[in-house]
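Participant:
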Amino acid sequence: IYDREENRSKGFGFIEMPDECEAYKAIVELNDVELDERKIVVKKAEDRR
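FYI, in the numbering used here the residues of the sequence shown are 423 to 471.
1) Could you compute how far the alpha carbon of Val533 sits from the alpha carbon of Ala445?
2) Give the range of the alpha helix (DSSP H) segment to which Ala485 is assigned.
3) Flag this pair as yes or no: are the beta carbons of Asp454 and Lys447 separated by less than 8 Å?
4) Could you say which of Glu451, Tyr424, Cys443, Glu459 lies nearest to Phe434 if we only look at CA atoms?
5) Per DSSP, Arg426 forms a beta bridge with which residues?
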């Protein structure tokens, strides 16, 4: 997600997975992995409604 006012990344993003199994696999394999010297958090998006 990009902040146009600040002209930089907000530091998070969203992706869609083909199915629940693939989503779970991505969460298990990628959560807490280090990327560019920062640990990333991978989790299922929460409905804000």
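Ideal Cβ placement from N, Cα and C applies to all residues, glycine included.
Facilitator: The answer reads as follows:
1) Residue 533 lies beyond the range of the chain shown here (423 to 471); nothing can be said about it.
2) Nothing in the structure corresponds to residue 485, since the chain is present only between 423 and 471.
3) no
4) Tyr424
5) DSSP lists no partner for Arg426.
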